[in-house]
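A short worksheet on the structure shown next.
Numbering (full-length UniProt numbering), first residue to last: 1 to 267.
This is the structure:
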């Protein structure tokens with residue numbers, strides 16, 4: 001027999017909505033700064049690691065991978081899991097893809113990937129750096145949703161992935177949008193910080209040219225604006241296409257767009 005409880009809307013929101021907000025922030029929408037991954041991405045590549053789909057091993061059907069992720073770690077829609085897998089394999093969506101796909105994984109024109117029963121995947125070579133020490137308990141493990149399996153709280157990556165591939169997400173009361181960067185510039189910046197912990201942002205940015213986007217394009221940002229963004233962690237910049245003039249016969253010419261802004265459909 002059901003019972004009715006009287007409570008104020010303030011108390012109800014404080015209790016219920018706070019739980020929802022924390023769950024959304026931690027378990028869905030925002031990446032962990034340590035490995036730069038949201039839970040769904042971490043679970044995908046960890047599941048592929050468990051399936052021994054490392055670089056050099058045979059590809060496996062994406063339907064098999066998605067089923068493994070959904071059954072063991074991520075009890076949500078299979079299409080959402082597959083969409084996340086596809087984005088990690090697209091070199092026009094991810095600066096350094098963590099997954100190597102075989103088959104139709106979509107294109108920059110906006111065409112969708114083939115159904116998961118057709119495509120195949122395995123981890124790309126750079127994903128090896130996400131698992132160094134995981135068998136030696138380098139990170140904590142936690143129970144999955146039904147307590148039948150263990151999954152890592154965070155992956156022991158050697159890469160600053162949150163800066164390498166960037167991150168974007170909208171949670172409750174907070175959001176993030178971090179652009180991707182060049183891996184060589186990041187490595188040099190890390191070495192400079194290790195050697196000179198007191199290095200200033202101005203000196204650090206001498207060899208660090210800012211965002212490096214998968215689809216190229218020209219970043220419109222002054223030196224002062226770049227310094228302010230990397231000092232405060234807040235700001236914005238514009239991106240414009242790159243183009244060139246191609247001469248044709250009979251004095252005619254055409255304008256050819258060679259690079260387009262990130263996340264812009266060229267059609």
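C-beta atoms are modelled at their ideal positions from N, C-alpha and C, and glycine is treated no differently.
Option in the options with minimal Cα separation from residue i
| i | options | result |
| --- | --- | --- |
| residue 155 | 27, 41 and 12 | 41 |
| residue 36 | 178, 73 and 122 | 178 |
| residue 98 | 108, 81, 123 and 110 | 123 |
| residue 136 | 125, 148, 121 and 152 | 152 |
| residue 213 | 198, 263 and 11 | 263 |
| residue 209 | 191, 145 and 182 | 182 |
| residue 223 | 143, 50 and 203 | 203 |
| residue 43 | 17, 145, 18 and 11 | 145 |
| residue 46 | 3, 72, 63 and 253 | 72 |
| residue 134 | 157, 126 and 125 | 157 |
| residue 265 | 120, 174 and 93 | 93 |
| residue 27 | 76, 67, 6 and 139 | 76 |
| residue 79 | 89, 63, 88 and 90 | 63 |
| residue 139 | 34, 19 and 228 | 34 |
| residue 227 | 205, 248 and 13 | 205 |
Residue i Cβ short of 6 angstroms to the ligand PLP heavy atom set
| i | result |
| --- | --- |
| residue 87 | Ligands are entirely absent from the displayed structure, and the ligand PLP is therefore not among its contents. |
Which of helix, strand or coil DSSP assigns to residue i
| i | result |
| --- | --- |
| residue 115 | coil |
| residue 225 | helix |
| residue 198 | coil |
| residue 6 | coil |
| residue 209 | coil |
| residue 204 | helix |
| residue 258 | strand |
| residue 55 | coil |
| residue 191 | helix |
| residue 268 | Residue 268 is absent from the model: the chain starts at 1 and stops at 267. |
| residue 239 | strand |
First and last residue of the uninterrupted beta strand (DSSP E) at residue i
| i | result |
| --- | --- |
| residue 220 | 218 to 220 |
| residue 245 | 242 to 247 |
| residue 101 | 99 to 102 |
| residue 39 | Counting along the chain, residue 39 falls outside any beta strand (DSSP E), though it belongs to the alpha helix (DSSP H) covering 39 to 50. |
| residue 176 | 175 to 178 |
| residue 16 | From DSSP, residue 16 is part of no beta strand (DSSP E); its letter is neither H nor E. |
| residue 169 | 167 to 170 |
| residue 127 | Taken as a continuous stretch (DSSP letters only), residue 127 belongs to no beta strand (DSSP E), as it is neither H nor E. |
| residue 143 | 141 to 143 |
| residue 30 | It is not in any beta strand (DSSP E) - residue 30 carries neither H nor E in the DSSP assignment. |
| residue 278 | Here the chain covers residues 1 to 267 and nothing more, so residue 278 does not appear. |
| residue 135 | Careful: residue 135 lies outside any beta strand (DSSP E) and carries neither H nor E. |
| residue 152 | 150 to 152 |
CB-CB length for residue i against residue j, believed under 8 angstroms
| i | j | result |
| --- | --- | --- |
| residue 25 | residue 171 | 4 angstroms |
| residue 150 | residue 141 | 4 angstroms |
| residue 55 | residue 128 | 7 angstroms |
| residue 201 | residue 236 | Wrong, their Cβ atoms sit about 18 angstroms apart, outside the cutoff. |
Residue range of the unbroken alpha helix (DSSP H) whose run includes residue i
| i | result |
| --- | --- |
| residue 79 | 78 to 89 |
| residue 63 | 62 to 72 |
| residue 163 | 161 to 164 |
Beta-carbon spacing of residue i, residue j below 7 angstroms
| i | j | result |
| --- | --- | --- |
| residue 164 | residue 96 | yes |
| residue 103 | residue 118 | yes |
| residue 241 | residue 219 | no |
| residue 187 | residue 207 | no |
| residue 106 | residue 115 | no |
| residue 17 | residue 131 | no |
| residue 255 | residue 245 | yes |
| residue 15 | residue 59 | no |
| residue 29 | residue 169 | yes |
| residue 233 | residue 259 | no |
| residue 175 | residue 31 | no |
Cβ of residue i within 7 angstroms of any chain C Cβ
| i | result |
| --- | --- |
| residue 248 | Looking at the structure shown, chain C is missing, and only one protein chain is on hand. |
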